[in-house]
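**Q**
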Amino acid sequence: MEDVICTFCGSVCDDGEFDAEKKKVKKFCRLGSAKFSEKERIKAPMVDGKEVSYETAIEKAAEILVNAKKPLLYGWASTANEAIRLGVILAEKLRGVYDQCASVCHAPGTLAVIEEGLPGATLGSVKNRADVVVFWGSNPAEAHPRHGMRYSISAKGLLIKDRKQRKVVVVDVRPTKTAKMADLFIQVKPGYDYAVISALRAILSGNADVVPSDVGGVAKEKLLQLAEMMKNAKYGAIFYGLGVTQSRGRDRNVENAIKLIQLLNRTTRWVIWPMRGHYNVVGAGEVPAWEVGYQYAIDFSRGYPRFSPAEFSAVEVLKRKDCDAALIVASDPAAHFPAAAVKHLKQIPVIQIDPFPNMTTLLAKVVIPSAVYGIEAEGTAYRMDGIPLRVKKILETSYWTDEKILEEILKRVEKLKG
Amino acid sequence: MLVVELISGRTLDQGATVEEKLSEEYSKAVNYIELSEEDFKSLGLKEGDRVKISTEFGSVVVFAKKGEIPKGLAFIPMGPYANAVIDPATDGTGMPQFKGVMAKIEKTEEKVKTVRELLEAI
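These protein sequence lines are chains G and S, in that order. Note that our numbering has the first sequence beginning at 1, numbered continuously upward. Note that our numbering has the second sequence beginning at 1, numbered continuously upward.
Laid out in structure tokens, this is it:
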């Protein structure tokens, strides 16, 4: 089958070729190939480690959720929009908390966007037009391996025809694999992104004289060189990563970077965009945004949605022990949350819906295996730039989809609640 | 003993094994720390040696590797080993500080836990 869509990273490559006999995919990167390779699955639904039918597991899951005062519904980045929609409805019915993986990934960028907006573009636009691309605290060579080839480094665009016509800059705290492909590498001291962005803003607004000789470990000459490159670009793009959102400054780093873009846009054209991780982490934010107005950290305990990451993000809720059950869909918080948050997850009944066994499976009371979207199930996902793509079903399976499982849970919850 | 600034992040190996969390391959992809050559030498380490990472928030034993990284900085792949020592404070954003935590590094004879053992220890 041709034009197979990859459901691993946010690049959501749509040009794979799948050999159904060998069960192998061509054209995809190492991450995509691993996604499409056969691996250990959760064999059957389980309650307390004992194999049961889907119906029994769903009944138990609904019972736990209905009996909880405030359940946490978390995950959603590696599933389809159709399933996420049901998750949001379920959170509202249960008066629980909806949060998603961006909470520990790119959500600080969302806070910055609320403050400043986001001058963005599609990846296609970057491929065709960008003559300067800056990767700031992002490392696509390891996290989005085909991004550079398809859109941002060696991509062959309509106006920017090849690598020679495109300048690539990497700003990072260490010489990453992506840095090795760059025309200019700027090594920043960890936690100094904000200061470096401020220095660039000062230079670009005609105040280079106030910039000291070294800012965050970067020599002023290098900052002047980067500012000149940015100013002279016909169309520039900053792709920022977790180096900016997970270090000191978090949302304020992104906010400052957007202000830098606004300044550049007085004289030329620049865009800025996050390098989103999971294939549908954008959907995990967009779907609740079009359902209830917010992207993450949404509490329904008062019967209407409230947004407050300081209170309702999964890590804060768990650290405060402010949930008494959890439904985890397509995610592994036991592996990806700080120990202080995992501690409470071990104390409460956890329901997991996932195709693969992971650390959350080890602590879950109810485990419901599901089909893999893009391989065993079709559905809609948003690529990192917000473009919706219909991911395909290429193999038959007896596993239920997340959508079907959630639909059944929702029915049982409605019945139990009366 | 050495004090470094610890950052966590993605790697290709971590990504390629992330849907096989209970496998040995995943464990291998995330149970190490990369130190600069200078810091690696100053601790008297050789490849395959184990180190204990201790921060204000916890400690974990991992394998030590030499990496292309500035002196005083250390890298650990994102995952359960990193999450045993990173800063859970979110400063009101919901986002823990996964990057930029001061950590003590010392050579140890203690064994590297499996992911199951790590979860049990929490």
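Virtual Cβ for every residue (Gly too), placed ideally from N, Cα, C.
Mapping DSSP to helix, strand and coil, what is G:P119?
**A** Coil.
**Q** Go to S:F75, then tell me how far its beta strand (DSSP E) extends in each direction, as first and last residue.
**A** Run containing S:F75: 73–77, per the beta strand (DSSP E) assignment.
**Q** Helix, strand or coil for S:K66, going by three-state DSSP, please let me know.
**A** In the structure shown, S:K66 sits in a strand (DSSP, three-state: E or B).
**Q** G:I58 by DSSP, collapsed to three states: which one?
**A** It is helical.
**Q** Closer than 6 Å by C-beta to G:V52: which residues in its own chain qualify, once you throw out the five before and the five after it? Chain order, please.
**A** Here the set comprises P45.
**Q** Per DSSP, which residues does S:T90 bridge with? Please list them.
**A** For S:T90, which the question treats as bridged, DSSP gives no partner whatsoever.
**Q** Keeping to the same chain, check which residues put their C-beta closer than 6 Å to that of G:L204; ignore five residues upstream and five downstream.
**A** Once the five neighbours on either side are set aside, the close Cβ partners of G:L204 are A227, L263.
**Q** What residue range is occupied by the uninterrupted alpha helix (DSSP H) comprising G:W290?
**A** Residues 281–292.
**Q** Label G:W400 either buried or exposed according to how many other C-beta atoms from any shown protein chain fall within 10 Å of its C-beta, with 16 as the threshold for buried.
**A** Classification for G:W400: buried.
**Q** Should S:I86 be flagged as near chain G, meaning a C-beta pair shorter than 7 Å?
**A** Answer yes: the Cβ-Cβ gap between S:I86 and chain G drops below 7 Å somewhere.
**Q** Let me know if G:Y304 comes out buried or exposed under the rule of 16 or more other beta-carbons within 10 Å of its beta-carbon.
**A** Result: exposed.
**Q** Report yes if the C-beta distance between G:Y240 and G:P190 is below 7 Å; otherwise report no.
**A** Going by C-beta atoms, G:Y240 is not nearer than 7 Å to G:P190.
**Q** Could you pull the DSSP bridge partners for G:Y373 from this structure?
**A** Answer by DSSP bridge pairing, in chain order: G:A377.
**Q** Using a Cβ cut-off of 9 Å, pull out every chain G residue sitting near S:L119, in sequence order please.
**A** Neighbours of S:L119 on chain G, chain order: A334, A335, V342, K346, M359, L362, L363.
**Q** Taking beta-carbon pairs under 8 Å, can you tell me which members of the stretch 217–247 of chain G lie near chain S?
**A** Within the stretch 217–247 of chain G, the qualifying residues are L242, G243, T245, Q246, S247.
**Q** As a quick exercise: from G:V97, G:V104, G:M181, pick the residue whose alpha carbon is nearest that of G:R166.
**A** Minimum Cα distance to G:R166 is reached at G:M181.
**Q** Could you give the residue range of the alpha helix (DSSP H) that holds G:A237?
**A** Unbroken run through G:A237 is the beta strand (DSSP E), 235–240; no alpha helix (DSSP H).
**Q** Compute the Euclidean distance between the alpha carbons of S:F57 and S:E5, then round it to the nearest angstrom.
**A** In a straight line, the C-alpha of S:F57 is about 14 Å away from that of S:E5.
**Q** Checking contacts by CB at 7 Å: is G:P274 closer than that to chain S?
**A** G:P274 does not count as touching chain S.
**Q** If you drop the 5 nearest sequence neighbours on each side, which residues of the same chain put their C-beta closer than 8 Å to that of G:V169?
**A** Answer for G:V169: V132, V133, V134, F135, A182, D183, L184, F185, I186, L226, M229, listed in chain order.
**Q** For the structure I just gave you, are there three or more beta carbon pairs, one from the stretch 275–292 of chain G and one from the stretch 370–388 of chain G, closer than 8 Å?
**A** Touching, per the Cβ criterion.
**Q** Taking 7 Å as the threshold (beta carbon to beta carbon), is G:D251 in contact with chain S?
**A** Chain S contact via Cβ: present.
**Q** Using a Cβ-Cβ cut-off of 8 Å (strictly less than) and excluding sequence neighbours within five positions of G:K93, which residues of its own chain qualify?
**A** Taken in chain order, the residues that qualify are L410, V413, E414, K417.
**Q** Report the neighbours of S:F40 on chain G: residues whose CB is nearer than 9 Å to its CB, in chain order.
**A** Result: empty, since nearest Cβ-Cβ is about 15 Å, beyond 9 Å.
**Q** If we call anything under 7 Å between Cβ atoms a contact, is S:K111 one with S:L43?
**A** The answer is no: Cβ separation not under 7 Å.
**Q** From G:R146 to G:I160, what does the alpha carbon distance come to, in whole angstroms?
**A** Near 18 Å, if we compare the C-alpha coordinates of G:I160 and G:R146.
**Q** Check whether chain S comes within 7 Å of G:R85, counting only Cβ atoms and requiring the distance to be less than that.
**A** So no, G:R85 is outside the interface.
**Q** Starting from the C-beta of S:T11, find all residues in its chain whose C-beta is less than 6 Å away, skip the five residues before and the five after it, and write them out in chain order.
**A** Result list for S:T11: P77, in chain order.
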